[in-house]
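What follows is one structure encoded as structure tokens, with my remarks underneath.
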Amino acid sequence: MQTDTPMPSPLQIMAQVDNALRLSGLATHYVERNPLPLFRQLLNEWAAFHDVPVEIELQEQLLQLRQRLSERTVSGALRRVYEETTQLCRAHGSLTVVRQRELDACYRALLQMR
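For the sequence shown, the residue numbers in the working numbering are 536 to 649.
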């Protein structure tokens with residue numbers, strides 16, 4: 536004899552998915568909004584795309600990237616990541632004058648690093 540199990544409603548399914556996400560820790564909606572951590576995060580993603588280990592320091596990542604890519608490519612990518620960071624932080628309202636200066640200083644230091 537077969538017992539019919541009732542089909543869960545879409546709301547019940549969504550509740551189960553939400554609960555599973557919450558239990559796994561994936562339900563947070565945290566988005567990095569501070570310029571320096573966001574800048575570093577985006578640079579890490581770019582380095583990972585070029586198969587550079589993200590576990591190493593940012594300066595070491597850039598040295599490895601400069602060995603693999605042209606200086607123009609690296610400088611251009613740094614500029615694009617800097618601009619993207621600036622735009623995202625402005626959109627989030629987290630780009631204060633002090634944070635902008637810190638971001639600018641970090642960007643200039645990375646550009647001058649050889």
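Glycine included, each C-beta is placed from N, C-alpha and C at the ideal position.
Pairing L646 with S610 gives a Cβ-Cβ distance under 8 Å. V616 and M549 have their C-alpha atoms spaced approximately 36 Å apart. In the structure shown, T631 falls within a coil segment according to DSSP collapsed to helix, strand and coil. The residue among M542, D553, A583, L573 with its C-alpha nearest the C-alpha of L630 is L573.
Note that the C-beta distance between P545 and L638 is not below 8 Å. For E592, there is no enclosing alpha helix (DSSP H), as DSSP marks it with neither H nor E. Here DSSP, grouped into helix, strand and coil, assigns R568 to coil. The alpha helix (DSSP H) runs lying completely inside the segment 599-628 and spanning 4 residues or more are 606-627, given in chain order.
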